[in-house]
Amino acid sequence: MASTCQALVLHGAQDLRLESKPVSPPQGAEVQVAIKATGLCGSDLHYYNHGRNGDFVVREPMCLGHESSGIVTAIGPEVTTLQPGDRVALEVGLPCRKCLLCRQGRYNLCPGMRFRSSAKTFPHLDGTLLELTNHPAAMCHKLPESVSYAGGALVEPLA
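Note that full-length UniProt numbering has the sequence shown beginning at 1, numbered continuously upward.
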């Protein structure tokens with residue numbers, strides 16, 4: 001299992017650098033995903049061009065990208081729904097899983113939702129313009145063989 005990976009890291013407006021980032025084994029209910037495709041959306045372009053997206057200002061280095069798919073390379077000890085080799089699309093909004101809305105199954109409305117590749121919260125949560133990332137298994141959705149990785153990266157903006 002790799003201990004580092006290459007990542008595109010935004011340091012400020014128009015300051016994007018290829019860097020080596022540490023990668024830890026997946027913990028608990030996480031899976032490790034080798035990212036195969038990531039789309040870029042308007043928020044990524046705003047962060048790159050201006051160092052901000054509306055009121056959300058980049059205050060520390062952050063990987064961009066959040067419309068992604070890839071292949072599971074390792075699983076945490078609590079994961080039972082995915083296996084290494086599974087092709088997945090990532091749902092990159094990460095709910096708290098504790099509030100009333102989350103417990104009712106309406107996690108998409110979670111007031112504590114954190115998003116990859118967003119400077120809304122601090123510390124920022126890295127996006128997916130990197131080789132490997134750990135992600136909650138519950139937020140990884142299996143892709144049928146008929147869907148390409150590029151198509152899988154489009155699941156998030158189409159949802």
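Note that beta-carbon positions come from the ideal geometry of N, C-alpha and C, so glycine has one too. Keep in mind it's a predicted model, so treat the numbers as computed, not measured.
Assigned with DSSP and collapsed to three states, G70 falls in strand. Between the stretch 24 to 37 and the stretch 74 to 85 there are three or more inter-stretch CB-CB distances shorter than 8 angstroms, so the stretches are counted as touching.
Collapsing the DSSP output to three states places D44 in a helix. For H50, the three-state secondary structure derived from DSSP is helix. Around the beta-carbon of Q83, fewer than 16 other beta-carbon atoms lie within 10 Å, marking it exposed. Rounded to whole angstroms, the Cβ separation of L94 and R114 is 5 angstroms, and the two are in contact under 8 angstroms.
Under the DSSP definition of a beta bridge, H135 partners with V31. Under the three-state reduction of DSSP, L100 is assigned to helix.
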